[in-house]
Amino acid sequence: MTITTTKNVIQPHGFILKTNAFENQSVLAIYLPVEMVSFLHTFSFEYQSRFKFGEFRTMIEGRYPSIISIHLSSASLQGKEPWMYVSLVSLEDVEFLYWEFSRWIEGCLEEDEESLLLIPSKVKQAKIPYLEIDVASLFHDTRTFPAFMKGYLATQMIETGIPASFEQVGNDSSYPTGWYKTHNGSGYEVVSHPLTLSKEDAKTRLKASIVSRFEVVRSGDDWHVHVYFSLRRWLVGLHPKKQFHYNANKKSYDDRSFYVVNPIWKSPHMLRLSIAKSGQSARFTHERSTIEWLKRNRLELDPLETILSSLDQYQDSSNTMVLIPYVAEDKNKNGNYLEVGLNTVDHYNLFLMIQSIFPTLSLLHPLKKLGKEDWDAPNVSTSYKGGHIRVDVSNKQKEHLWDQVIPIHVYSTRTKIQEEVRVAIETLFSREEQNGGSNYKIEPSTQQEHRFDFISRSDESFLQDFSIEFIYHTWDSTLFGPLECSSFNDYRDATLNRIERFKALVSPSPAISHALVEIGEYESYNAYTDPKQSVKLGFLERNMLTQCFYGKDVNLSNRLLKSIQDILATKGFLNQHIQSYEAVLNHYVFYMPYVLEVGYGRARRFIYTIARYHRGMMHVKYEQSNWLTLEGSLMYLTLSSQRTLAQRDKRNFSLFWRGCIQSIENAEPIVIFEKQLFTANDSERGFTIMTYEFNTSNVPYVSYFKNNELPSKGTYLARTNDGYVSIAAKMPTDTKANSFMSKLDYNKMYVNRIPIKLQFQSINGKEVNKDQMAYAVHLLRNITVTFESFVNHPYPLHILKQHHELLLF
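According to our numbering, the sequence shown is numbered sequentially starting from 681.
What follows is the structure in structure tokens.
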């Protein structure tokens, strides 16, 4: 069976798993011997964490092709469930894998100088219980089946191989035929052999792999498997003066993945190791046990510093191949990088490849696109006509722009900052003139040197003239330079000291204003010296909200532009769609309960909030406040207010948000939860409640065939058997990339918003238009002024999540 390309078909990338597709397929279920269970029971749960079972699983699954999946839950370690599923191998192989497990534990004990325990001989030589079982018999185990099936499908994909029909694509390139199974620390992946992709200004070869991932989820009485593809860029060509060091970088560098393919093993597996900083150099995490394990498996690597300083030499498949995934911070250190993403056609063709490998699996049912035949949908546009923003305000917002002047205080060391700000302001509107004209014209103010007047080109009431005035100040390193602390333990005290310095040196603003602040160089900071949060909190105490930028940002003009847009969003500005969307949105008042969380473990605290959106106006309420404007809600989060609002748990959250719901101007209330915040206790009569989620485990990638040939890149809302899927358009990029160009032929940026799943959890009333409600939430993703595309969250929650940056406990 193949995917149909009938017009207007929306096909999820996934399958329905049925037991008959796995007839006559068996595996071995391996249990831990009673002797090993008893030995592990002598250690406390806290001590068992020293065994680094996750690290062991990742390594051994990257070594032995017979392993389908490993399960190291408490039930498995107690012998109640299998700890390993393997192909039908010999008893000697099973015994060897158990020996690897016991030797790893023994190595961890030897590494612990406080431990005097060794594994007794009877534990090492114990008889290993195992069973041959049918794959179909595992379907009933809802707890362990998803992990097993993900490993099983990855193993089958490797063993079956890629059909030759999928080798060629485009004019010059081919989809990879060499693939490796690996465990990335949290799940199974199938990673292609590295591809060399082009980039005109690259000085070295640039490499990437296509990564396939399976997610197995329960849907009613069925099991579904979703198939995802992504592009993993490999780090290459480090600049000689900017070698790969851990101690000088941000927190994300504290632990890096390190993939190895060893030709000696002759196995289609890719071994993932983990490396971390150690003083001025790098080391393997759990180093002694890891190095010993590598030696036992005939993999003796050169010193890590040698590998990291000359990665290109270790990316030859004829020798041991070493690959390190590219992370965002590497872009600032190295100009040789590949653009992100796969395009819609690549996703579709690769899914066809997976379908040919598993011909007995049934496709997920096509989705139904909502249209005028389903309900009287208004004719609204979701396009930005090239991705250019027009700043509009609704009738209600017009009354709330104070004095029509937005003051922005600028602190920078840059000699040309005034010119750079002027260019950013002009860019905000000049780009629109290339795409049908702007709603505003911009003129330098005749009253103030650094003021810009934005004058409406229309007499329509939903537009209003306004001005932005920039006030330039001297940059002070004692306010905006790195924090003076040497560890995370000192971060809070250093931040509080910096805030006190703001109080001493900066005068309070008589009215709410904004600051645009340079905070040094990104590369010069680590996770506990970056002053960004202290600057935001310091200015907050002076009645100012802050946008920060790094002085040597790769794309400074764009950063300044985005900062100005963020300020406009804080003031309540929306984009040009708000006027046409009112025909749908004005039927409802949207309430979005949310919990701001900060801290870890016993120090974890919660602040209850709820956002309300109605007729273009957004308000926020805290447990002890009235309804506040967005700007006011940010100003409310001073340190003293944070301490007052903080809760130790979420037990009273439901009581808080229920007391906030009411109708406004006869508009029907809809309560929208992020799925992870919703509980069964929240679902009760009296409220219409919807949840949304974009967890890729539960929401499949989809292809929409608008014509009869290729999948569309557009936006739409589709109905499923248990809700709706909101699909956003391909995100705009700076490159003129045709969405149908293969990534393998053209190194262009292809960024796609992931689909969002919408579900009704309860309905208030008998006669409700669920299609219209779902469509309204879909449109709420497309009214923000700060992005030129749909955002992941409905607009109010997209904005509300920015409050996290102000929280300090």
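By construction, the Cβ of each residue, glycine as well, lies at the ideal position given by its N, Cα and C atoms. Note that the structure is a prediction, hence the values are computed from the model and not measured.
Proximity of residue i and residue j at Cβ, strictly below 7 Å
i	j	result
Leu1276	Ile1287	yes
Ala1347	Tyr1455	no
Pro1476	Met1298	yes
Leu789	Phe909	no
Asp1178	Ser1214	Asp is not the amino acid found at residue 1178; the sequence shown has Arg there. Going by C-beta atoms, Arg1178 is nearer than 7 Å to Ser1214.
Gln1245	Thr1466	yes
Arg1222	Val1197	no
Ile1443	Ser1406	no
Leu1018	Arg913	yes
Ser746	Val766	yes
Ile740	Glu780	yes
Asn1427	Leu877	yes
Ser1042	Ile696	yes
Tyr1430	Gly1021	yes
Tyr1396	Lys1121	no
Thr965	Ala956	yes
Integer Cβ distance of residue i from residue j, believed to fall under 8 Å
i	j	result
Cys1165	Tyr1205	11 Å between Cβ atoms; not a contact.
Ile748	Val707	6 Å
Asn864	Arg952	6 Å
Phe719	Val815	Not really, about 31 Å apart at Cβ, beyond 8 Å.
Gly1231	Arg1094	6 Å
His904	Leu1044	6 Å
Leu1325	Gln1304	7 Å
Gly1200	Phe1160	7 Å
Val897	Asn1472	Not really, about 20 Å apart at Cβ, beyond 8 Å.
Assigned exposure category for residue i - 16 Cβ within 10 Å defines buried
i	result
Leu1480	buried
Glu812	exposed
Pro692	buried
Asn929	Bear in mind that the predicted position of Asn929 carries a pLDDT of just 41, short of 50, making it too unreliable to give a figure here.
Ile642	This structure leaves residue 642 out entirely; the chain is present only between 681 and 1489.
Ser872	buried
Asp1026	buried
Asn1361	exposed
Phe1470	buried
Ala1263	exposed
Thr1158	exposed
Tyr727	exposed
Ser1320	exposed
Tyr933	Only weak support is given to the placement of Tyr933: the predicted model assigns it a pLDDT of 41, under 50, and the value that follows is read from those uncertain coordinates. With 16 or more Cβ atoms within 10 Å of its Cβ, Tyr933 is classed as buried.
Gln1114	Bear in mind that a pLDDT of 49 at Gln1114, under 50, signals an unreliable position, so the number given afterwards is only what the model happens to contain. The residue in question, Gln1114, is exposed, as its Cβ has fewer than 16 Cβ neighbours within 10 Å.
His949	buried
Trp1082	Any reading at Trp1082 must be qualified, since the residue scores a pLDDT of 40, below 50, and its modelled position is unreliable; the value itself is stated next. Label assigned to Trp1082: exposed.
His1483	buried
Lys1096	exposed
Selected residue, minimal CA-CA separation from residue i, among the options
i	options	result
His1089	Thr1226, Val766, Phe1182	Thr1226
Glu1180	Ser1193, Glu1201, Pro1190, Gly1218	Gly1218
His1194	Leu1159, Asp1210, Leu1319, Ile1148	Ile1148
Trp945	Leu911, Tyr994, Ile1290, Thr1000	Thr1000
Val891	Asp902, Trp903, Gly867	Gly867
Ala1104	Phe1253, Asn942, Asn1238	Asn1238
Tyr1384	Tyr1028, Arg1292, Ser1136	Tyr1028
Ile1350	Thr1250, Tyr1430, Gln1439	Gln1439
Val1382	Glu1345, Asp1170, Ser1334, Leu1032	Leu1032
Leu1220	Phe1253, Phe1182, Ser1157, Ile1199	Phe1182
Glu1485	Gly1339, Met1453, Gln1035, Gly1279	Gly1279
Ile1192	Val1085, Tyr1091, Tyr778	Val1085
Met716	Ile785, Ser770, Leu768	Ile785
Pro983	Thr970, Leu1003, Arg976, Ala962	Ala962
Phe776	Tyr744, Val897, Phe1336	Tyr744
Val774	Tyr1152, Glu703, Glu972, Ala806	Ala806
Thr840	Gln1356, Ser889, Phe1038, Phe1358	Phe1038
Arg1323	Gly1281, Lys1216, Leu1487, Pro943	Leu1487
Ala755	Phe725, Asn1449, Leu771	Phe725
Residue i beta carbon near the ligand PLP (any heavy atom closer than 6 Å)
i	result
Leu1022	Here there are no bound small molecules, and the ligand PLP is not part of this structure.
Inset, instruction - Specify whether the region 1302-1313 and the region 1363-1382 touch according to this definition: at least 3 beta carbon pairs, one from each stretch, less than 8 Å apart. - result: no
Legend entry - Meets three-Cβ-pair contact criterion under 8 Å: the region 746-765 and the region 703-722: Remark: three or more beta-carbon pairs, one from each stretch, lie closer than 8 Å, so the region 746-765 and the region 703-722 are flagged as touching.
Inset, instruction - Evaluate contact between the region 1450-1467 and the region 1248-1266, counting only Cβ atoms and requiring at least three cross-stretch pairs below 8 Å. - result: Contact between the region 1450-1467 and the region 1248-1266 is present, because at least three Cβ pairs lie under 8 Å.
Legend entry - Inter-stretch contact at 8 Å, needing at least 3 Cβ pairs: the region 812-829 / the region 716-736: The region 716-736 and the region 812-829 do not touch, with fewer than three beta-carbon pairs separated by less than 8 Å.
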